[in-house]
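Numbering-wise (UniProt numbering), the sequence shown opens with residue 1 and increments by one.
We treat Cβ as the ideally placed atom computed from N, Cα and C, and that holds for glycine.
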Amino acid sequence: MAAVKKQIRNSRYYVGEVNNLTRNGFGVYVYPNSFFRYEGEWTKGEKHGHGKLLMKDGSYYEGEFARGEIEGNGSRFWAKTGVSYSGQFSGGELHGYGVMQKGNGERYEGEFSYGLRDGNGFLVDKDGQTYEGSFYQNKRHGEGQMHYRNGDQYEGGWLLDQQQGHGVMRFGDGSVYEGQWRNNLFNGQGTMIHCSGIIYEGVWTNGRPLGGASKVVIEGGDVLEVFQETPFCVEVQLQTEVGEKATGENGRVLQISTAIRLCGLSLSTTPASLLKMMEDIKETTIPTPFGFQVVSYPLMERAFGSQVFIDTAAPLAVAVVAAKSGSAQADSPLLLEGEWESGSGSDGLPLMGGTPSYLDGKEASGEQNQSGEGESTIITEFFSGLFAGQEEDSTPPPANQRVLEGQAKFQNLLLAPPPHDFIPYQLMDELKRNIKKPSNRAPTDRPGLSQDKNSERRSSTGSCFTSNIKKSSIDSRSVRPGEYVIMVKDVTNPPFQGQTLPPAFALLRLFPAKTKSKNSQTDKTQSK
């Protein structure tokens with residue numbers, strides 16, 4: 001009896017309406033393998049009209065049939081994957097317009113071609129990202145818009161699921177790129193407006209600007225020379241990896257600051273008082289490309305329009321000198337014997353003032369020109385007047401500058417008075433007191449000085465200046481002549497494409513202010 005039941009269960013059978021011994025009308029048919037079962041309309045022995053095809057694993061199709069095939073509108077469900085589809089069919093395939101929903105949350109609504117997304121459609125992937133546009137063989141292809149989970153939005157060309165051709169990407173942070181794409185990267189001509197304010201227009205290669213800035217360069221060389229308490233300017237340039245000006249870049253934010261050199265001390269020979277001062281310096285030391293470390297020194301921007309300062313200021317000849325890069329030579333007229341040696345390789349004290357001989361008067365200048373020994377050239381003279389009497393916190397630091405066509409300029413700069421009890425200055429004074437200077441030295445033993453009258457006058461000037469330093473111990477709130485370091489940093493925030501340019505450095509030699517001449521005093525009296 002059990003064998004009979006098994007045979008009946010595996011055999012095909014039909015229960016329903018017939019006409020002329022053929023299935024016609026509504027009926028139920030079980031296929032020979034018993035996996036498929038059809039319930040619906042029949043015409044002349046074929047499934048035709050509305051019906052439902054059920055599978056043993058729980059999957060099914062319900063919809064229109066034509067001449068035995070799934071054709072027309074219907075719904076399909078795959079029990080194993082949880083995928084459902086509702087739309088048009090042809091020859092049993094998903095073909096035409098329909099909606100497919102997957103178990104992982106992915107949903108597509110649009111055109112199909114024989115089971116594949118093909119044509120226009122709207123896709124929401126498993127991560128919630130959306131794409132609306134053209135498809136080809138299940139891939140984004142043609143024109144389309146993509147909204148990413150992180151807030152980025154892309155509109156433009158696609159090639160087999162990759163961004164290709166012209167397109168616009170609006171990033172979640174506010175940045176915008178418009179231009180050519182290839183392999184999902186910026187490739188070709190394009191413009192990016194970064195959320196930090198940087199604008200780059202030019203050629204891109206694999207997502208990076210081909211002519212983009214890779215370094216900051218201070219114009220005028222590695223050494224700049226200025227007068228004490230006199231405004232000066234610093235020009236900087238953005239350059240590419242090959243040293244060309246990055247003219248296609250605008251808006252990068254640059255910050256200028258100054259620092260002072262720390263004296264190198266030996267633990268075995270340095271007094272305990274000096275070592276204690278070194279320990280009291282709380283600021284982080286900054287390495288420089290000149291072979292020594294520095295600590296920050298205040299820099300400010302000169303303010304104009306104050307009548308008090310203008311009337312009380314002594315007129316000064318302002319000279320910004322483009323000096324040769326590197327250390328000054330021993331016979332350079334810029335240095336006073338025994339007072340100040342400057343340059344990246346200098347072993348002398350960094351803050352022992354002096355004045356360039358060509359600024360002492362017309363006679364000295366003439367002699368220097370005739371000898372042809374001048375090491376530097378005056379670039380420009382401007383800003384007469386001394387900005388005096390400033391309090392420490394009365395003037396803010398120089399404003400940051402944005403780059404325009406690969407270039408920026410910081411103007412009206414002044415070294416600000418040092419903070420109260422500035423430890424590096426105290427360290428210089430203490431170190432100077434501990435240095436024993438040789439006495440009764442013959443003039444011929446002095447390196448770097450000739451025996452002419454001009455050299456004697458320079459030596460006299462330097463000795464006088466040193467004597468004044470000893471006499472007054474230098475006011476702790478005054479800016480001392482000597483050697484400083486200028487630093488220009490890229491402070492763009494957020495960094496452009498996640499990278500910050502390395503800082504640029506230059507030595508700043510500060511000479512004592514030139515005193516007012518008698519002729520200028522007379523001219524001023526007559527003008528009044």
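Proximity to residue i [Cα-Cα], best of the options
i, options, result
"Gly172", "Ser196, Ala416, Gly25", "Ser196"
"Glu41", "Gln101, Gly92, Val18", "Val18"
"Gly248", "Ile199, Val124, Glu143, Gly156", "Ile199"
"Asn33", "Tyr13, Glu219, Lys139, Asn20", "Tyr13"
"Asn193", "Gln180, Phe496, Gly16", "Inspection of the sequence shows that residue 193 is occupied by Ile rather than by Asn. That would be Phe496, whose Cα lies nearest to the Cα of Ile193."
"Phe89", "Trp78, Ile70, Gly105", "Ile70"
"Ser134", "Gly157, Asn104, His147", "Gly157"
"Val294", "Leu262, Thr43, Val217, Ser257", "Leu262"
"Gly165", "Gln189, Ala416, Glu301", "Gln189"
"Val488", "Glu244, Ser257, Glu219", "Ser257"
"His147", "Tyr131, Gln137, Lys139", "Tyr131"
"Gly103", "Gly121, Arg117, Gly82", "Gly82"
"Arg509", "Phe35, Asp222, Ala66", "Asp222"
"Ala513", "Gly482, Pro418, Phe505, Ala213", "Gly482"
"Val485", "Thr492, Pro494, Phe505", "Phe505"
"Lys80", "Ala66, Gly91, Ser86, Met55", "Met55"
"Phe410", "Gly92, Phe511, Val253, Asp57", "Val253"
"Asp125", "Glu109, Asn138, Gly105, Gln239", "Gly105"
"Pro298", "Gly58, Gly74, Arg480, Phe26", "Arg480"
"Gly128", "Asn120, Asp152, Lys139, Gln137", "Asp152"
"Leu415", "Ser296, Gly406, Gln407, Gly498", "Ser296"
Terminal residues of the beta strand (DSSP E) in which residue i lies
i, result
"Glu155", "153 to 159"
"Glu301", "299 to 301"
"Asp127", "Note, Asp127: premise wrong, no beta strand (DSSP E); not H, not E."
"Leu21", "Per DSSP, Leu21 belongs to no beta strand (DSSP E) and is neither H nor E."
"Phe227", "223 to 227"
"Gly165", "162 to 170"
"Asn412", "407 to 415"
"Glu505", "Note on identity: in this sequence residue 505 is Phe, with Glu being the wrong assignment. Unbroken beta strand (DSSP E) run through Phe505: 504 to 511."
"Glu219", "Taken as a continuous stretch (DSSP letters only), Glu219 belongs to no beta strand (DSSP E), as it is neither H nor E."
"Leu185", "185 to 193"
"Gly142", "139 to 147"
"Glu106", "Where Glu106 is concerned, there is no enclosing beta strand (DSSP E), given that its DSSP letter is neither H nor E."
"Tyr177", "176 to 182"
"Asn150", "Careful: Asn150 lies outside any beta strand (DSSP E) and carries neither H nor E."
"Met89", "Per the sequence shown, residue 89 should be read as Phe rather than Met. Element bounds for Phe89: 83 to 90."
"Asn33", "It is not in any beta strand (DSSP E) - Asn33 carries neither H nor E in the DSSP assignment."
"Asn73", "69 to 78"
Bridge partner(s) assigned by DSSP for residue i
i, result
"Lys245", "Gln239"
"Ile260", "Val295, Tyr484"
"Lys52", "Glu39, Glu62"
"Leu210", "None, per the DSSP bridge assignment."
"Thr205", "Arg208"
"Gly96", "Phe112"
"Asp57", "Per DSSP, none; premise fails for Asp57."
"Asn250", "Ile199"
"Gly498", "Per DSSP, none; premise fails for Gly498."
"Asn120", "Ser134"
"Asp490", "Leu254"
Neighbourhood of residue i by C-beta, 6 angstroms cutoff - its chain only, sequence neighbours within 5 removed
i, result
"Gln101", "Ser84, Arg107"
"Gly174", "Cys195"
"Met169", "Tyr154, Tyr177"
"Asn412", "Pro231, Glu301, Arg302"
"Thr500", "Asp490"
"Gly72", "Glu64"
"Gly251", "Gly197, Ile198, Ile199, Arg402"
"Pro289", "Phe505"
"Gln163", "Trp181, Asn184"
"His138", "In the sequence as presented, His is not what sits at residue 138; that position holds Asn. Same-chain partners within the cutoff: Leu116, Arg117."
heavy atom of the ligand ATP below 8 angstroms from residue i C-beta
i, result
"Lys52", "This structure does not include the ligand ATP; it has no bound ligands of any sort."
Sequence-distant residues of its chain with Cβ nearer than 8 angstroms to residue i (five each side left out)
i, result
"Gly45", "Thr22, Arg23, Asn24"
"His141", "Ser134, Phe135, Trp158, Leu159, Leu160, Asp161"
"Asn150", "Gly172"
"Asn493", "Ser196, Val253"
"Thr240", "Gly211, Gly212, Ala213, Ser214, Ala246"
Cut-off 7 angstroms between Cβ atoms - residues of its own chain near residue i, not counting five sequence neighbours on either side
i, result
"Lys470", "With a pLDDT of only 43 at Lys470, under 50, the local geometry of the prediction cannot be trusted, and no value is derived from it."
"Leu53", "Phe36, Tyr38, Tyr60, Tyr61"
"Lys437", "With a pLDDT of only 49 at Lys437, under 50, the local geometry of the prediction cannot be trusted, and the value read off the model is given with reservation. Contacts found: none."
Would you check if there are 3 or more beta carbon pairs closer than 8 angstroms linking the stretch 395 to 405 to the stretch 220 to 231? no
Using 8 angstroms as the Cβ pair cut-off and three pairs as the minimum, do the stretch 198 to 214 and the stretch 173 to 187 touch? yes
Indicate whether the contact test is met: 3 or more Cβ pairs, each with one atom in the stretch 109 to 124 and one in the stretch 85 to 96, closer than 8 angstroms. yes
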